[in-house]
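Colleague: Before we start, here is the structure in question, set down as structure tokens.
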Amino acid sequence: MTLWLTRIIPDQRHRDVHCDGDDAVNLHHRIMSLFPDDVPSTEPRRHLGILFRTETGRDGDQILLQSNREPDLAQLPAGYGSAATKPLTPLLDALRKGLPVRYRIAANAVRKPGATTRALYRLPEVVPLNGPHADEWWTRQAETSGLTLTTLHSTPLDAATGHRRQHQQRVHHARTLFEGTAHITDPDLLRTRIREGIGRGKAYGCGLLSIAPRREPS
Numbered sequence: 013m014t015l016w017l018t019r020i021i022p023d024q025r026h027r028d029v030h031c032d033g034d035d036a037v038n039l040h041h042r043i044m045s046l047f048p049d050d051v052p053s054t055e056p057r058r059h060l061g062i063l064f065r066t067e068t069g070r071d072g073d074q075i076l077l078q079s080n081r082e083p084d085l086a087q088l089p090a091g092y093g094s095a096a097t098k099p100l101t102p103l104l105d106a107l108r109k110g111l112p113v114r115y116r117i118a119a120n121a122v123r124k125p126g127a128t129t130r131a132l133y134r135l136p137e138v139v140p141l142n143g144p145h146a147d148e149w150w151t152r153q154a155e156t157s158g159l160t161l162t163t164l165h166s167t168p169l170d171a172a173t174g175h176r177r178q179h180q181q182r183v184h185h186a187r188t189l190f191e192g193t194a195h196i197t198d199p200d201l202l203r204t205r206i207r208e209g210i211g212r213g214k215a216y217g218c219g220l221l222s223i224a225p226r227r228e229p230s
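Numbering (the working numbering), first residue to last: 13 to 230.
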């Protein structure tokens, strides 16, 4: 199965870009509009392998979109921005045990306290993590994704927020950007985690793991 990576550089002057940038639910719908709506699944995002991340790159703000079907970029509104898609097959095929890589992921680092702990401390079902606790969360996730971290830098991001209009349900996913270097310990496991994403909030801009080979210092 081919995996595709699409880079969208939105034109910040466009009205729809502002609407999408201010609401994670709007952006989710924008992303889904690039794919057929007749997917034979009750979970079309998962069926299509759709993951995305917003970030600031060398060309300004951008949206990175990963999917197992090539998106129809003609479905973007006229003037929305520039976009291009390429297959990730060469990158995935090049992954091997021991390979040094750079990684980046915007993830929803959380823990789920047990019922007794929640009642005792009046905690919600899901508790966002930050600082060293978030770093520990990502280190565990990386180890179970076929990576051994060698460096880790984390940055708190604005939460992914919005409202599901159908049920008037508020969406709120705390986000932390984790980036650094690692060595691959299990290439097959890593490919799976790249395809499936990591953590919660995958429909709203969390969980896309990006990997790039790096050169070891001589």
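Every residue gets a Cβ at the ideal spot worked out from N, C-alpha and C, and that includes glycine.
When the Cα atoms are used, what is the spatial distance from Arg205 to Ser157?
Modeller: Between Arg205 and Ser157, the C-alpha separation is close to 6 Å.
Colleague: Thr14 and Asn80 - do their beta-carbons sit closer together than 8 Å?
Modeller: Against a cut-off of 8 Å, the Cβ pair of Thr14 and Asn80 comes out as a contact.
Colleague: Under 8 Å Cβ to Cβ from Pro89, same chain only, skipping five residues before and after it: list those, please.
Modeller: His26 and Asp28, listed in sequence order.
Colleague: Any idea what DSSP makes of Thr14, helix, strand or coil?
Modeller: Coil, per DSSP.
Colleague: Using beta-carbon positions only, say whether Thr193 and Thr162 come within less than 8 Å of one another.
Modeller: For Thr193 and Thr162, yes; Cβs fall inside 8 Å.
Colleague: Flag this pair as touching only if the region 43–55 and the region 105–125 have three or more C-beta atom pairs under 8 Å; answer yes or no.
Modeller: The region 43–55 is not in contact with the region 105–125.
Colleague: Bridge partners of Val113, per DSSP?
Modeller: Answer is Ala194 and Pro225, bridged to Val113.
Colleague: Would you mind working out which of Gln24, Leu164 and Phe47 sits nearest Gly91, comparing C-alpha positions?
Modeller: Residue Gln24 is the option with its Cα nearest to Gly91.
Colleague: In terms of residue numbering, what span does the alpha helix (DSSP H) encompassing Leu103 cover?
Modeller: Per DSSP, Leu103 belongs to the alpha helix (DSSP H) from Thr101 to Ala106.
Colleague: Can you give the beta carbon distance from Leu220 to Ile117, rounded, assuming they're within the 8 Å contact cut?
Modeller: That pair is a contact at about 7 Å.
Colleague: Please classify Thr151: does DSSP put it in a helix, a strand, or coil?
Modeller: In the structure shown, Thr151 sits in a helix (DSSP, three-state: H, G or I).
Colleague: Ends of the alpha helix (DSSP H) at Ala36?
Modeller: Where Ala36 is concerned, the enclosing alpha helix (DSSP H) stretches over Ala36 to Met44.
Colleague: Do you know whose CA, among Ile223, Gly209, Arg114 and Arg226, lies nearest Phe64's CA?
Modeller: Nearest option by C-alpha distance: Gly209.
Colleague: In whole angstroms, what separates the C-alpha of Leu202 from that of His195?
Modeller: Roughly 11 Å between the two C-alpha positions.
Colleague: Among the residues of its own chain, which have a CB less than 7 Å from the CB of Pro144, if the five just before and after it don't count?
Modeller: Once the five neighbours on either side are set aside, Pro144 has no close Cβ partner at all.
Colleague: Note the first and the last residue of the continuous alpha helix (DSSP H) segment covering His30.
Modeller: Unbroken alpha helix (DSSP H) run through His30: Arg27 to Gly33.
Colleague: Leaving out five residues on either side along the sequence, give the residues of the same chain with a beta carbon under 8 Å from the beta carbon of Pro22.
Modeller: Correct list, in chain order: Val29, Asp32, Gly33, Asp73, Gln74, Ile75, Tyr92 and Gly93.
Colleague: Would you kindly check if the distance between the Cβ of Arg212 and the Cβ of Asp122 is under 8 Å?
Modeller: Reading the sequence as shown, one finds Val at residue 122 and not Asp. Yes, the Cβ-Cβ distance between Val122 and Arg212 is below 8 Å.
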